[in-house]
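Asker:
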Amino acid sequence: GDSVTQMEGPVTLSEEAFLTINCTYTATGYPSLFWYVQYPGEGLQLLLKATKADDKGSNKGFEATYRKETTSFHLEKGSVQVSDSAVYFCALREGSNYKLTFGKGTLLTVNP
Amino acid sequence: NAGVMQNPRHLVRRRGQEARLRCSPMKGHSHVYWYRQLPEEGLKFMVYLQKENIIDESGMPKERFSAEFPKEGPSILRIQQVVRGDSAAYFCASSPEPTNTGELFFGEGSRLTVL
């Protein structure tokens, strides 16, 4: 079945550091890919998405490119801020629109 | 604008007891989804409901678990005779209509601990 594997956390960075959170997936077809973020005390919210190969999703300075050849969707940000501290979830959707398959989540802590 | 509200945030039950988790969707949303995150795993789909209807319960365990979304009031996920393996975070999500974008609006989750 479908699965998502993402980088084990926790990840701790200093402000303005470069961020990469790796995500790879296994799917039978051509899924849509998502990054969700959960800030402290809040629910998960969609950060960005890509629906086909080579698409780049971007939002709030974060980017991820759908790489079919490596089945990856790594999340990157050039300069993180303290306010980016959160748990990041990679997810895919194949078939039914509401059935997302999530990774375990990666806790990011950014120190000033 | 209130988001998806889940309660309780934390629930402790002894084996054999019942657990009830509640979810109030965002205002204007009539579609509710429940997901479960077991320890060391990702969130997994359990059930999709509209008002008074279960649309898809293919992710629900066959026994002890049930869900409803009545005409009035919150959606409820009910777990009867809980066992230790039910300890998990249960997330509720909502959407204004059947989502065709994959964007779901999630609550903070309810963490169930079974002693």
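Taken in sequence, the protein lines are chains U and S.
Just so you know, we're using this note's numbering here: the first sequence kicks off at 691 and counts up by one.
Just so you know, we're using this note's numbering here: the second sequence kicks off at 3 and counts up by one.
Just so it is clear, CB atoms sit at the ideal spot from N, CA and C, and this is done for glycine as well.
No experiment lies behind these values; they were computed from the predicted model shown.
Which residues in chain S sit within 7 Å of U/Lys789, going by Cβ to Cβ distance?
Answerer: Result: Phe47.
Asker: Mapping the DSSP letters down to three states, classify U/Thr772 as helix, strand or coil.
Answerer: The amino acid occupying residue 772 of chain U in the given sequence is Val; Thr does not appear at that position. Note: U/Val772 maps to helix in three-state DSSP.
Asker: Residues in the same chain with beta-carbon distance under 7 Å from S/Gln39, minus the five sequence neighbours each way, listed in chain order, please.
Answerer: Cβ neighbours of S/Gln39 beyond the five flanking positions: Leu45, Ala90, Ala91, Phe93.
Asker: Looking only at DSSP bridge pairs, what is U/Val777 linked to?
Answerer: BP columns for U/Val777 point to U/Gln728, U/Leu797.
Asker: Identify the contact partners of U/Phe792 in chain S, using a Cβ-Cβ distance below 8 Å as the criterion.
Answerer: Within chain S, the residues near U/Phe792 are Tyr37, Gln39, Gly44, Leu45, Lys46.
Asker: Check each residue of the region 692-710 of chain U: if its Cβ is closer than 7 Å to any Cβ of chain S, include it; give the result in chain order.
Answerer: Per Cβ criterion, the list reads Val694.
Asker: How long is the line joining the alpha carbons of S/Glu65 and S/Asp88, rounded to whole angstroms?
Answerer: Their Cα atoms are separated by approximately 12 Å.
Asker: Taking the straight line between their C-alpha atoms, what separation do you get for S/Ser32 and U/Ser748?
Answerer: About 29 Å.
Asker: Taking the alpha-carbon positions, what's the S/Lys53 to S/Pro72 distance?
Answerer: Computed Cα separation, rounded: 6 Å.
Asker: Excluding five sequence neighbours on each side, which residues of the same chain lie with their C-beta closer than 6 Å to the C-beta of S/Arg80?
Answerer: Excluding positions up to five away in sequence, the list reads Arg22, Ser68.
Asker: Which value, in whole angstroms, describes the spacing of the CA atoms of U/Thr695 and S/Phe108?
Answerer: Each residue's Cα considered, the two are about 21 Å apart.
Asker: Are the beta-carbon atoms of U/Ala641 and U/Val770 separated by less than 8 Å?
Answerer: There is no way to answer for residue 641 of chain U, as the model of chain U reaches only from 691 to 802.
Asker: Which of the three DSSP states, helix, strand or coil, is assigned to S/Arg125?
Answerer: This structure does not reach residue 125 of chain S, given that chain S is present from 3 up to 117, and the question cannot be answered.
Asker: Work out the CA separation of S/Pro76 and U/Thr760 for me, nearest whole Å.
Answerer: Rounded to whole angstroms, U/Thr760 to S/Pro76 spans 42 Å at the Cα level.
Asker: In this structure, does DSSP put U/Gly747 in helix, strand or coil?
Answerer: DSSP places U/Gly747 in strand when its eight states are reduced to three.
Asker: Look at the alpha carbon of S/Gly61 and the alpha carbon of U/Asn801, and state the distance between them as a whole number of angstroms.
Answerer: The straight-line gap from Cα to Cα measures roughly 39 Å.
Asker: Measuring alpha carbon to alpha carbon, tell me which residue in U/Leu765, U/Glu766, U/Gly795 is nearest U/Val777.
Answerer: That would be U/Gly795, whose Cα lies nearest to the Cα of U/Val777.
Asker: If you count every other CB in all the chains shown that lies within 10 Å of the CB of U/Leu734, and 16 or more means buried, which is it?
Answerer: By the neighbour-count rule (16 or more Cβ atoms within 10 Å), U/Leu734 is buried.
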